[in-house]
């Protein structure tokens, strides 16, 4: 009988018949399990683990340290073996205790009584510990090492030698600790783990380390039979080793199930031309592998025949032709061109696009087999409604100056009211927290130049319903008769803004997206043409109520420019031999789209502000339309640049005078376009200091409160130059630089105003200047604000509340290593894929594809690591806990951590003095007036400020019959 079995039988009180228990336990096998019975039965079957851990504790109490020599002498183990043993012992002991606690809970005992029963041998188990065992999934966590071992054992049996070296845990989606625990279990069962080297193919003198787990009895030399070593690359785990699944390449359907409608073909379901609903895929309702779940519409990708895919907005449809499950509406002239080609160079991302974390699903087929569905969602119903609704400068700066000033003034009023609220906070640590956050947000807003939203403004995805008139829109979020202005980005000008009337009675639209769709609207296809050629594969518009009865919000718009009507980029500028490509066909990583789009977008903004003619605007916008599609459709964008004389427009509208009086042609030339323009600065390091009089770093040339940056220690390097003619060698110190923006680097936004001195530039300069002044002022207040003194007495008085806050903080901080883990895994994955891509194709991956890959990777690994959302990790502070904070029971360092993980709005409400909440401040009055100027109703203003409508009317000096 084993020593462990004897210990269990000696202490067991659960079985009257020890022979029965012996019979059961004899089947359990020796340490680490080898048969069909798991450990965990009996009174305390983990006494061996408990003994091992207590032995370590006793040794340490006597001064023993965990050096390699001491570990080998005391336990006969290497350091790695010892750590694995200790980790497994702790995990298995916890497994027993969690199981025991849950068993006692089933017997009707509460946490207090369970803690009392389980406290023994001088070890006190607290009630809070028991509560944690009862609420967390500890039992599952502590058995994952065995489940991982079972999985690897099966792979060894099927494949033979398995690579388990560095990075395998990342590919599997588990922790390295979990993998090491599993390997220790398998080693105890007799599966050897051997290490060795692999000569690098391109540099045989260098080796790559490998670690291989092998079938029992495999000699070390066999691991050098490289062709016999297998990987686990095809598998991944979403639950840290409890279960494993193969990487699921998207499921493919047959093209026989797809009806590809071409440019001028008639849709059999509604008699409309395919081109009028380009990008819409109508899928048969009730088909198991084409299920949209709870959504009525979604932006999806569907793999077809394994080598191509459909991209677009999927909606349900009825009465499809027999044998056809998808009708895809295209504006192409050939079937082959209606499909997108998969990215064969990236086997993990065939669509070249991000599929949302839960964008795939499984279903059970008619034979009871689980299969992967064909739908791969990028976005679905309600994913668009959370998009930010501020007004970008590229739109507002092209509107009338009155509207722009109103919305920028409202933004400032909101900020001023927020500043006053922060200054009224009575807890200095919390005040400092909000002041720093507020100052940085003001600096960022000065660069972005975004204005406050208008009433009712929201992003929506567009779908085609051609029974709607060209001046109508189906928009369930708005009342019938509402006038809506539609803006699509990138935005060229007022000639791209249709204003439509809401008609929510259209039966076809009601059937398509329902009467309560939160983030979709339906329009006639002709309206999409005015929206800079939008299609229906997931394009969005910003909807703004306008031309209301009060007449306060009037979005400027005009008829489309004649030179843009019917302009087809692919027909005008097709691929020709010898042309310069936007994206190099041989080196696809060389894609100039973003650079060229930035150039033409800035030019259009500057031209609008400086009064360009319609004909000039037509030239610039036509070229922008070519540029944005040039890489995708291999368009001759250089010929477009010549035909539209873009150079002439640049010379006319983008001439700037340098400080030395010289003329510079090209690049952003007005404040609106220059704000985000790149500015190189000398490399910096560390956290910036705040410019405060009296400090040794004070710079009188900068405003008080501005940031003072420290140059990096390696900010300059020595460059050697050789004169080819004379052979003279000279050296100079050259700065290393980093990227910033022109607005971020200036203390005076007015310095960015162009020589044309356009009035709109001054409106935005006023706005940016006010934001920068608020940011600096908030930082000065930050420095002046003290802190609550830490009180040991208060900590004792509020011991229960302090413990509760500690527990809540621990839960919140659990997210940090999860996020780090997700980031590490994503980084490793992307680096591996970039190398694999290079090896497969001999080319570097494009920057765009790398960006998409990184986005996809972090979403995937955040899902695997179960990273908590902000809402899930928010700390809810009780009244008594707030008393403890106010009394100084929490140190400033810990309080800052709590603040970083608390609900901001709830925190501010708690921190605000009650008497202040009842007082209407100057900032709030200014905010009321600004909101009223922006056409917000009395009720909307009252709701935003958290006060009564009567109070709003009082301060706006409106009577009871005011327009609300």
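Numbering (my numbering), first residue to last: 105 to 1068.
Each residue gets a CB set at the ideal place from its N, CA and C atoms; glycine is no exception.
Take the alpha-carbon of residue 418 and the one of residue 403: they are about 6 Å apart. With a cut-off of 8 Å on Cβ pairs, the region 539 to 554 is not in contact with the region 901 to 908, counting fewer than three such pairs. The three-state reading of DSSP puts residue 389 in coil, since its state is none of H, G, I, E or B. Just measuring C-alpha positions, the residue of 1029, 477, 793, 1014 sitting nearest residue 806 is 793. In the pairwise beta carbon analysis, the region 887 to 896 is classified as not touching the region 813 to 825: fewer than three pairs are separated by under 8 Å. Going by beta carbons, residue 847 and residue 856 fall inside the 8 Å limit.
Exclusion of the five residues before and after residue 639 leaves 382, 383, 632 as the residues of its chain whose Cβ lies within less than 7 Å of its Cβ. Rounded to whole angstroms, residue 954 and residue 620 show a C-alpha spacing of 38 Å. Around the beta carbon of residue 768, fewer than 16 other beta carbons lie within 10 angstroms, which makes this residue exposed. The beta carbon of residue 363 lies closer than 6 Å to those of 428, 431 in the same chain, with the five residues before and after it left out.
Burial is judged here by how many other beta carbons sit within 10 angstroms of a residue's own beta carbon; residue 161 has fewer than 16 and is exposed. In summary, residue 324 is exposed, with fewer than 16 beta-carbon neighbours lying within 10 Å of its beta-carbon over all protein chains present. In this model, residue 183 and residue 171 are separated by some 8 Å (Cα to Cα). Note on the region 251 to 308: whole alpha helix (DSSP H) runs with a minimum of 4 residues are 272 to 276, 280 to 292, in chain order. Taking the Cα of residue 862 as reference, the smallest distance to any Cα among 714, 254, 288, 204 is reached at 714. Annotation for residue 787: 815, 816, 818, 819, 839, 840, 841, 842 place their beta carbon closer than 8 Å to its own, counting only its chain and skipping 5 residues before and after. Exclusion of the five residues before and after residue 360 leaves 427 as the residues of its chain whose Cβ lies within less than 8 Å of its Cβ. Of the candidates 358, 329, 422, the residue whose Cα lies closest to the Cα of residue 372 is 422.
Looking at the DSSP output, residue 782 sits in a beta bridge with 845. Taking 8 Å as the upper bound for CB-CB distance, residue 795 and residue 803 are in contact here, some 6 Å apart.
Inclusion of residue 711 and residue 721 in the CB contact set at 8 Å is warranted, their separation being smaller than that value. Note: residue 597 is not bridge-paired with any residue in the DSSP secondary-structure output.
Each of 673, 717, 757, 509 was checked against the Cα of residue 731, and the nearest Cα belongs to 673. A distance below 8 Å separates the beta carbons of residue 394 and residue 479. Secondary structure of residue 1026 (DSSP, three-state): helix. Beta bridge pairing from DSSP links residue 1040 with no other residue. DSSP places residue 589 in the strand class (E or B) of the three-state scheme. For residue 726, the three-state secondary structure derived from DSSP is helix. Residue 829 has its alpha-carbon roughly 17 Å from the corresponding atom of residue 835. Beta-bridge partners of residue 626 (DSSP): 567, 578. Judged by beta-carbon spacing, residue 622 lies within the 8 Å limit of residue 489, meaning their Cβ atoms are closer than that value.
Per DSSP, reduced to three states, the secondary structure at residue 787 is coil, with no helix or strand assignment.
The beta carbons of residue 1011 and residue 1028 sit no closer together than 8 Å.
Take the alpha-carbon of residue 1057 and the one of residue 524: they are about 21 Å apart. For residue 467, the uninterrupted beta strand (DSSP E) run begins and ends at 466 to 468, by DSSP. A distance below 8 Å separates the beta carbons of residue 739 and residue 733.
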